[in-house]
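A short worksheet on the structure shown next.
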Amino acid sequence: MEKINYQRETDRIIATLTEKGQRERLLLHACCGPCASYVLEYLSAYFDITVFFCNPNITDRAEYEKRLATLRQLCAAAPFCRGVEIVDDTLTAEDFFAAAKGLEAEPEGGARCTKCFLQRIERTAAFAKENGFDRFATTLTVSPHKDAALINRIGLAAAEKSGVAYLPSDFKKRGGYQRSIVLSREYDLYRQHFCGCVYSMA
5 MEKINYQRET DRIIATLTEK GQRERLLLHA CCGPCASYVL EYLSAYFDIT
55 VFFCNPNITD RAEYEKRLAT LRQLCAAAPF CRGVEIVDDT LTAEDFFAAA
105 KGLEAEPEGG ARCTKCFLQR IERTAAFAKE NGFDRFATTL TVSPHKDAAL
155 INRIGLAAAE KSGVAYLPSD FKKRGGYQRS IVLSREYDLY RQHFCGCVYS
205 MA
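Residue numbering for the sequence shown follows the working numbering, starting at 5 and increasing by one per position.
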């Protein structure tokens, strides 16, 4: 199977929109402020963005609130976030535990993580459909610890199911992850050391 260059796909879509003079409404699923930093800096030149904080996998409530506050801190301070709104989704840790049932012993990066990606990305696509967005995307591909090909397959399937276009991505390319570290330092953002769920802390 030929490996897909998802960064090239991002470039192609942006080039087409720019050529047509179109600026779409994009719903951007964000896992945390640090990962969102580079993606917002990059995409805000081309899209009108609403950030969708849908992370029921962050099972500790204090940690959840800390990451949401960090995202708000970024959007209040960074010039590239001007006009960006944040939506705090209603899925809870109980929803995550229901999705992960039977997969508790899976290794990090295994079937449980796939189910988690699926839950969050499908929810993002559904919200985009319900609220009239032109396209949706996720910051998850900025992490070198996440499988971008898997995330994009889930995103494309969710797009087909919802009828809302998906922006394929591999945001860690072209120094995206490194740039997120620089921006996190610049805006003094809290950087967590685990993905989110109680199992990822083991």
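Note that CB positions come from ideal geometry on N, CA and C, so glycine has one too.
Note that the coordinates shown come from a computational prediction; the quantities given were computed from them, not determined experimentally.
Buried or exposed: where does residue i fall if 16 or more other Cβ atoms within 10 Å of its Cβ makes it buried?
i, result
"N59", "buried"
"P172", "buried"
"G179", "exposed"
"D174", "buried"
"Q123", "buried"
"N135", "exposed"
"V186", "exposed"
"A34", "buried"
"N9", "exposed"
"G200", "buried"
"R127", "buried"
"T142", "buried"
What are the residues that DSSP puts in a beta bridge with residue i?
i, result
"Y210", "What is shown of the chain runs 5 to 206, which leaves residue 210 out entirely."
I'd like the list of long-range same chain contacts for residue i, defined as Cβ closer than 6 Å, with 5 residues on each side in sequence excluded.
i, result
"I158", "F121, L122 and I125"
"C36", "R71"
"S103", "In the sequence as displayed, the identity of residue 103 is Ala instead of Ser. These residues qualify, in order along the chain: K119 and Q123."
"P148", "K176 and Y181"
Span of the beta strand (DSSP E) holding residue i?
i, result
"I53", "D52 to F57"
"R29", "R29 to H33"
"D92", "E89 to D92"
For residue i, report the span of its alpha helix (DSSP H) as first-last.
i, result
"L44", "G37 to L47"
"E23", "Y10 to K24"
"G180", "G180 to E190"
Looking only at its chain, what residues have a beta carbon closer than 7 Å to the beta carbon of residue i, apart from the 5 residues adjacent to it on each side?
i, result
"L107", "A115, R116 and K119"
"A130", "S166"
"V146", "C39, Y42, V43, F175, K176, G180, Y181 and S184"
Confirm, please, whether the CB-CB distance from residue j to residue i is below 7 Å.
i, j, result
"I53", "L32", "yes"
"E98", "S204", "no"
"F51", "E28", "yes"
"L160", "Y170", "yes"
"F57", "D92", "yes"
"F100", "N61", "yes"
"A132", "V168", "yes"
Excluding the 5 residues preceding and the 5 following residue i in the sequence, name in chain order all residues of the same chain whose CB lies nearer than 8 Å to its CB.
i, result
"R65", "A97"
"C85", "L44, S48, L78 and C79"
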